[in-house]
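Below is one structure, written out as structure tokens, with a few remarks after it.
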Amino acid sequence: MKPAIIVHGGAWDIPAQEQEAHRQGTRRAVEAGWEVLAAGGSALDAAEAAIVVMENDETFDAGRGSFLNADGQVELDAGFMNGHGLEVGAVAGVQFIRNPIRLARAVMERSEHVLLVAQGAQRFAQKMGFETCDLTDLAVPREFERWQKLLYDRTYSARTSFAEGWSEGPRSRSADTVGCVTLDAEGHLAAGTSTGGIPNKMPGRVGDVPMVGCGFYADDALGGTSTTGWGESIAKVLLARLALQFLEETGDSDGAVRAAIAVLAEKVNGLGGVILLAPDGQVAWHYNTPHMAVAYCVAGMDAPVMSL
């Protein structure tokens with residue numbers, strides 16, 4: 003089997019001055035994952051490596067650079083899935099952890115559970131030897147400034163942060179969820195998604211990202227997906243699994259992601275995007291926001307391809 007990787011850096015109205023940072027950030031993520039795959043590494047290791055790069059890049063709403071909640075705190079969600087055996091691990095509402103995707107993988111591989119939240123996830127992280135960090139290691143000045151402005155913005159709603167026009171004025175320099183799907187030489191798939199959520203969210207809010215079938219899914223027999231966008235709408239239609247259902251029914255990767263986004267828009271007036279990697283290595287993505295940052299690489303390519 004020829005390896006492949008596809009990543010996304012969020013779907014929203016990415017302003018012109020931020021587009022190059024999104025291109026380069028997703029490129030670096032693909033390169034990190036591809037290095038693992040090219041050396042014969044696993045899909046799991048490659049997906050983790052790619053997502054960690056984006057969690058460490060403050061361009062994106064994951065790890066460092068995440069949005070603040072209404073209390074001015076960072077709460078992180080992440081989900082990870084092994085397409086070989088359908089193993090799943092996820093965390094929600096975790097704080098002071100630099101790379102929540104690594105914690106999600108630890109839940110998958112080192113616990114009996116699928117999802118750990120808040121203090122329970124924090125205790126598990128401590129038990130597993132994860133180092134904690136300070137709020138300032140995750141929250142950048144851009145987000146403190148945004149948080150202060152949104153506290154008094156009566157026109158703001160969760161949906162508007164993904165729609166056209168969000169990038170204008172004081173709301174500019176936004177970010178969004180990151181995700182990755184990988185296929186290794188053994189034919190195994192892995193998928194992961196990581197996020198800081200939405201701006202000014204209610205403390206304790208959990209969106210689609212850590213929910214299997216909503217923010218991510220991987221099955222060696224079906225394919226792998228990762229989603230991004232307005233999480234409440236994505237969760238209502240099980241977008242990650244829905245795209246794979248269409249792929250299973252039609253065998254058409256591009257048609258599957260387009261059909262899934264059509265359902266998102268028509269059923270719940272949702273906004274977002276999805277990336278898909280089929281078992282045969284075909285990549286596809288679609289979105290109904292103004293932009294979506296995507297990069298991918300498959301066997302035989304000289305360099306990653308980036309798209310906005």
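In the working numbering, each residue's number is its place in the sequence shown (first place is 1) plus 2.
Each residue gets a CB set at the ideal place from its N, CA and C atoms; glycine is no exception.
Since the structure is predicted, the reported quantities are computational estimates derived from the model, not experimental observations.
{"query": "Kindly give me the distance between the Cβ atoms of F132 and L88, rounded to whole angstroms, as I take these residues to be in contact under 8 Å.", "result": "In fact, because the Cβ distance is near 25 Å, the residues do not count as touching under 8 Å."}
{"query": "Please go through the same chain and pick out, in chain order, the residues whose beta-carbon is closer than 7 Å to the beta-carbon of Q21, but skip the five residues on each side of it.", "result": "L310"}
{"query": "Let me check one thing: in DSSP terms, what residues is L279 bridge-paired to?", "result": "G226 and V285"}
{"query": "For the stretch 108-115 against the stretch 91-99, are there 3 or more C-beta pairs whose distance is under 8 Å?", "result": "yes"}
{"query": "For G233, is the classification buried or exposed, using 16 other Cβ atoms within 10 angstroms of its Cβ as the cut-off for buried?", "result": "buried"}
{"query": "Can you list, in chain order, the residues of its chain with a C-beta nearer than 7 Å to that of L118? Leave out the 5 residues immediately preceding and following it.", "result": "V93, V109 and F126"}
{"query": "May I ask you to report which of helix, strand or coil DSSP gives M56?", "result": "helix"}
{"query": "In the DSSP output, what is I8 paired with across the bridge?", "result": "V183 and Y298"}
{"query": "For R173, which residues from the same chain have a beta carbon less than 6 Å from its beta carbon, with the 5 sequence-adjacent residues on both sides left out?", "result": "Bear in mind that a pLDDT of 42 at R173, under 50, signals an unreliable position, so the number given afterwards is only what the model happens to contain. The answer is none, since no qualifying residue turns up."}
{"query": "Would you check if the distance between the CB atom of L279 and the CB atom of H190 is smaller than 9 Å?", "result": "no"}
{"query": "Identify the residues that DSSP records as bridge partners of N290: which are they?", "result": "For N290, which the question treats as bridged, DSSP gives no partner whatsoever."}
{"query": "So the candidates are V285, V96 and G81; which of them puts its Cα closest to the Cα of M308?", "result": "V285"}
{"query": "Take Y289 as the anchor and find which of G43, V259 and G283 has the nearest alpha-carbon.", "result": "V259"}
{"query": "Using the rule of at least 16 other Cβ atoms within 10 Å of the residue's Cβ for burial, across every protein chain shown, is P205 buried or exposed?", "result": "exposed"}
{"query": "If you follow the alpha helix (DSSP H) that F69 is in, where does it begin and where does it stop?", "result": "Taken as a continuous stretch (DSSP letters only), F69 belongs to no alpha helix (DSSP H), as it is neither H nor E."}
{"query": "Compare the C-alpha of E33 against each of H24, Q19 and A48 and name the closest.", "result": "A48"}
{"query": "Could you check what DSSP says for E133 in three-state terms: helix, strand or coil?", "result": "coil"}
{"query": "Using the Cα positions of C135 and V76, report the straight-line distance between them to the nearest angstrom.", "result": "12 Å"}
{"query": "Please classify K203 as buried or exposed, where buried requires at least 16 other C-beta atoms within 10 Å of its C-beta.", "result": "buried"}
{"query": "Out of L185, A193 and A264, point me to the one whose CA is closest to P281's CA.", "result": "L185"}
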